[in-house]
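Engineer: Mapping of the sequence shown onto my numbering: residues 65 to 398, in sequence order.
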Amino acid sequence: MDSKKKINRKISVAPMMDCTDRHDRFFLRLMSKNVMLYTEMVATKSAIHGDRKKILSFSPEEKPLALQVGGSNKEELAEVAKIAEDMGYDEININLGCPSKKVQKNKFGACLIKEPDLVAECINSMVNACKIPVTAKTRIGFDDTEEFDYLNNFIHKMRDAGSKTFILHARKAILTGLSPKQNLNIPKLNYKMVYDVKKENPNLEIIINGGITKVEEINNHLNFCDGVMIGRSIYQNPYSLIEIEKEIFKTKSSPTREQVVEKLLEYADREVKLGTKINHIMRHTVGLYHGQVGSKEWKRYLSDNMMARDSDFQKAKHIMTIVQNNEKAIQANS
Ligand SMILES: Cc1cc2nc3c(=O)[nH]c(=O)nc-3n(C[C@H](O)[C@H](O)[C@H](O)COP(=O)(O)O)c2cc1C
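#1: To the nearest whole angstrom, what separates the beta carbons of F206 and A237, a pair I think is in contact under 8 Å?
#2: Would you mind reading off the limits of the alpha helix (DSSP H) that contains M222?
#3: Could you tell me whether any non-hydrogen atom of ligand 1 is closer than 7 Å to the CB of C175?
#4: Can you tell me the Cα-Cα spacing of E149 and E155, whole angstroms?
#5: Around the Cβ of N247, are there at least 16 other Cβ atoms within 10 angstroms (buried) or fewer (exposed)?
#6: Just to confirm, is the Cβ distance from T108 to N137 under 8 Å?
#7: How big is the Cα-Cα spacing for S243 and G161?
#8: Per DSSP, G291 forms a beta bridge with which residues?
#9: Helix, strand or coil: which one does DSSP assign to R235?
#10: On the three-state DSSP scale, how would you describe A130?
#11: Do N192 and L232 have their beta-carbon atoms positioned less than 8 Å apart in this structure?
#12: Give me the residue from E185, F230, K256, I394 with the minimum Cα distance to P197.
#13: Near V350, what residues of its chain come up, given a Cβ to Cβ distance below 7 Å and the 5 sequence neighbours on each side ignored?
#14: Give the straight-line distance between the Cα atoms of M346 and L338, rounded to the nearest whole angstrom.
#15: Give the range of the beta strand (DSSP E) segment to which V198 is assigned.
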């Protein structure tokens, strides 16, 4: 792999546990060639001792792709960085934003914002272990600490350790008393803090994340930051990637939903032969018709067929009928 090749992080899809697995990423790639993709967070111990093929393998079509890792043991993190490079990942990203109790107990995720020196050591050890970029995704603060100087100092330590790209989720993490879900909504978004970090550090690549849904918002953030990362709104409405391709990357031609499903079913055909369950692929398409005529029918069809335990590939073939009907309905209404 050419480790010097510049990664385009203008738009990226956020790492999301139980969402951005390899099947979802393949699906997203069918709609966007230009966005950067991230895996779900993988704990260092799972990456090192787990079933590597199952946990870390991916299709070449998913690239450019970053592996997101959770951990705070510098030897383990270095080992995972090397594994990521050897497997062909384009970037390794450390999770400094997850506030869940379990993650805190294992001393990784957002609680590490309290320990800038330890994080710097971890990053340095990863940087020394591989040639791919080592990046960090962090909240802008924790509990009562939401101060520019604290965040800026934290970023400087990581910069001095060898990282140049930072994804800033523009809200702090509350480490006690809120569930992970509440931690994605209750702490207030503070985009200005992220803009200020970029202003103060023009040579660093600063990616903004949190609550961004519309192309106009993306364009506005791009006036102040180097890139925008989007999570939930793309998962809920994956076809919005088509608008992002058109408006942000100026891509001329785009596949219809039907063409997307057709290609996904070709992938599913190959995957099912390798033992993948069809629902593990199709579950990510629930939002494909978001906001469209036929959306309800699509969801109903998926839940009746794809989520069933005995789902098999033959049922996937029938999806095409539903897709075609939906496309016809959309055309008739547009
Ligand atoms: C279901 C779910 C799972 C998530 N899992 C991860 C994860 O594995 N690693 C991570 O850094 N952030 C994770 N996040 C946080 C997102 O990456 C992102 O920072 C957050 O959702 C804010 O962006 P959004 O408002 O565009 O969704 C997760 C969020 C959701 C909703």
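Even glycine gets a Cβ: it sits at the ideal position worked out from N, Cα and C. Remember, predicted model here, so these are calculated numbers, not experimental data.
Structural biologist: To lay it out plainly:
#1: About 5 Å separates the two Cβ atoms, so the contact holds.
#2: Taken as a continuous stretch (DSSP letters only), the alpha helix (DSSP H) holding M222 covers 212 to 224.
#3: Using a cutoff of 7 Å, the CB of C175 does not count as near ligand 1, since none of the ligand's heavy atoms is closer than that.
#4: Spanning the two alpha carbons is a distance of roughly 8 Å.
#5: Around the beta-carbon of N247, 16 or more other beta-carbon atoms lie within 10 Å, marking it buried.
#6: The answer is yes: Cβ separation under 8 Å.
#7: Rounded to whole angstroms, the gap between the alpha carbons of S243 and G161 is 13 Å.
#8: Under DSSP, the beta-bridge partners assigned to G291 are I271.
#9: In this structure, R235 counts as coil in the three-state DSSP scheme.
#10: Of the three classes helix, strand and coil, the one that applies to A130 here is strand, per DSSP.
#11: Not a contact, by the Cβ cut-off of 8 Å.
#12: For P197, the closest alpha carbon among the candidates E185, F230, K256, I394 is that of F230.
#13: If we look at V350 and ignore the five residues flanking it on each side, its Cβ neighbours are K363, L366.
#14: Their backbone Cα atoms lie some 16 Å apart in a straight line.
#15: Residue range 198 to 203 is occupied by the beta strand (DSSP E) that includes V198.
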